[in-house]
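According to this note's numbering, the sequence shown is numbered sequentially starting from 64.
Here is the structure we will look at, set down as structure tokens.
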Amino acid sequence: MTQQALPAVVSATGQTRERELDVRPVLAKGGDPFHLIMKTLQTLEANEALHLIVGFEPAPLYAIMRSAGRAAHTEQRDGAYHVWFYCDPKLQPEPAPGAERVALQEPVEMDVRGLEPPGPLVAILEKLASLGPGAQLLVHHHREPVLLYEKLKLRGYAARTQRRGEGDYMVHVAPAWAFEEPTTPSKAAG
64 MTQQALPAVV SATGQTRERE LDVRPVLAKG GDPFHLIMKT LQTLEANEAL HLIVGFEPAP
124 LYAIMRSAGR AAHTEQRDGA YHVWFYCDPK LQPEPAPGAE RVALQEPVEM DVRGLEPPGP
184 LVAILEKLAS LGPGAQLLVH HHREPVLLYE KLKLRGYAAR TQRRGEGDYM VHVAPAWAFE
244 EPTTPSKAAG
């Protein structure tokens, strides 16, 4: 495979190389490439951009990468999305939005039953982003969203899932600290 020139916006930040990662085969087999993407990201050199190739725009990944101090440049060509995640000196890593201990918002209900993957995941993460710090969701889902949990954790959120029947799950999403057990002062022995 020949190395193509980096997009101008990427090379302008001092990136000189790319590491290409085509996750379409993983997705075609029904897998989740998230861990592979994050593992690859950790092995990049300072001057190296991650060139991700995927069959759809990976919208939830943008916020995760931004929180890691990486900007994104996306191009659509040849029936695929090409996304370069690169270090931008002007971009400071952002704190995970769910980590802020602000007043909890009233839970917002949403129904993702019937959406094809990755539709439910994308809808949930986009809704959280649009609601801002302290957001809570009550999500009606047709299955347990196990692939969602790690993505929530990276944003400072967590979920509690309750199976209510066949193909009927209620997922409560909130900042992770909201699920912590309250601590009570221990009684001093006297």
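Glycine included, each C-beta is placed from N, C-alpha and C at the ideal position.
A distance below 6 Å between beta-carbons, with the five flanking residues on each side excluded, links Pro170 to the following residues of its chain, in chain order: Gln199 and Leu201.
Listed in chain order, the non-local C-beta contacts of Val234 below 7 Å within the same chain comprise Val202, His204, Pro208, Ala222 and Thr224, local neighbours out to five positions each way being set aside. Distance from Leu99 to Val86 at the Cβ level is roughly 7 Å; contact confirmed, criterion being Cβ atoms closer than 8 Å. The residues His203, His204 and His205, in chain order, have a CB closer than 7 Å to that of Arg176 in the same chain once the five nearest residues on each side in sequence are set aside.
Taking C-alpha positions only, Ala109 is separated from Gln78 by approximately 8 Å. At a Cβ-Cβ threshold of 9 Å, Leu113 and Thr103 count as neighbours. Nearest Cα to Gly230 within the set Leu167, Leu178, Val72 and Asp151: Leu178. In the DSSP assignment, Gly219 falls outside any alpha helix (DSSP H), carrying neither H nor E. Taking Val72 as the centre and dropping the five residues before and after it, the same chain places the C-beta of His136 closer than 8 Å to its C-beta, in chain order. Taking each of Arg129, Asp95, Gly195 and Leu167 in turn and checking the Cα distance to Trp240, the smallest one comes out for Leu167. As the crow flies, the alpha-carbon of Leu84 is around 5 Å from that of Leu115.
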